[in-house]
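Comments concern the structure below.
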Amino acid sequence: MIYVKVLGSGCPNCQRLEAETRAALDEAEIAYDLMKITDYADIAAHGVMSTPGLIFNDKIVSAGRIPARAKIIEWALAAEATAL
Numbered sequence: 061m062i063y064v065k066v067l068g069s070g071c072p073n074c075q076r077l078e079a080e081t082r083a084a085l086d087e088a089e090i091a092y093d094l095m096k097i098t099d100y101a102d103i104a105a106h107g108v109m110s111t112p113g114l115i116f117n118d119k120i121v122s123a124g125r126i127p128a129r130a131k132i133i134e135w136a137l138a139a140e141a142t143a144l
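In short: position in the sequence shown from 1, add 60, done, that's the numbering used here.
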């Protein structure tokens, strides 16, 4: 299982990143626990200065953009491999 955090204010891009991340992880059949972080102080505390942000297992993998689904899967598989 990987731990996923989607960071953002709830804007359309943040919502799209969450939806794309869920779709990618479901497509790859990766077990995950997803948490949405919307408080700006919490977002900054995670080291993300540009939203939307994406974190897998406490590692920032993306900030300020919506990555391609294939890239999300690639990062998730790497996070899953290191979590074992």
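Ideal placement from N, C-alpha and C gives every residue a C-beta, glycine not left out.
By the criterion of a C-beta distance shorter than 7 angstroms, I62 is surrounded in its chain by I90, Y92, F116, N117, A136, A139, E140 and A143, once the five residues flanking it on both sides are discounted. Here DSSP, grouped into helix, strand and coil, assigns I103 to helix. Between T81 and I132, the beta carbon gap of about 6 angstroms places them in contact (Cβ cut-off 8 angstroms). 8 angstroms or more divides the Cβ of L85 from the Cβ of L114. Within the same chain, and ignoring the five residues on either side of S69 in sequence, the residues whose Cβ sits closer than 7 angstroms to its Cβ are T98 and T111. In the three-state reduction of the DSSP assignment, D118 falls in the coil class. Cβ-Cβ distances below 6 angstroms link V121 to L114 and W135 in the same chain, with the five nearest sequence neighbours on each side left out; the list follows chain order.
Nearest C-alpha to A128 among K65, A79, V64 and P72: A79.
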